[in-house]
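> If you scroll down you'll find the structure; I have some questions about it.
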């Protein structure tokens, strides 16, 4: 179970499911990862992935997962909403900063919304959220956005 603390007034907005991020806005997003990776991200920041696009299963037991809460300046956003999209691997060559994959479009195995940010300097780590295995069933993260970047 995951519970989220409210960031308080003046915090950047969280993405709401099914809503495409608007160009040049700043959003709160979440990145699920193993504890060890979260520690590296916290100290070293994010880095570009080698495969360059969405989707990876986080095949870990719940107690080994953590969520890295981040603030992201999305820059120019491109919607990638199906496998084989002509810009699936070349979106940054077309001067986009972020891609957005809507929920349940077949791009990621989880079916969750996902964002892919090219430049790690657009991402600021806020904190790491640890699982609360005793949380109530109705307490979940307020956003289902998960992010990875190219």
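In our numbering, the protein residues as written are 553 to 702. By construction, the Cβ of each residue, glycine as well, lies at the ideal position given by its N, Cα and C atoms. The structure displayed is predicted, hence computed values, not measured ones.
1. Check whether the Cβ of residue 571 lies closer than 7 Å to any heavy atom of the ligand SAM, and answer yes or no.
2. Name the residue from 642, 635 and 644 whose alpha carbon lies nearest to the alpha carbon of residue 653.
3. Are residue 577 and residue 620 closer than 8 Å when you measure CB to CB?
4. If I follow the unbroken beta strand (DSSP E) through residue 630, where does it start and stop?
5. Would you check if there are 3 or more beta carbon pairs closer than 8 Å linking the region 592-600 to the region 648-668?
6. Would you tell me roughly how many angstroms separate the C-alpha atoms of residue 617 and residue 585, rounded to the nearest one?
7. Which complete beta strand (DSSP E) runs does the region 618-684 hold, if anything under 3 residues is left out?
In short:
1. The ligand SAM is not part of the structure shown, which contains no ligands of any sort.
2. 635
3. no
4. 629-631
5. no
6. 6 Å
7. 629-631, 650-653, 666-669 and 675-681
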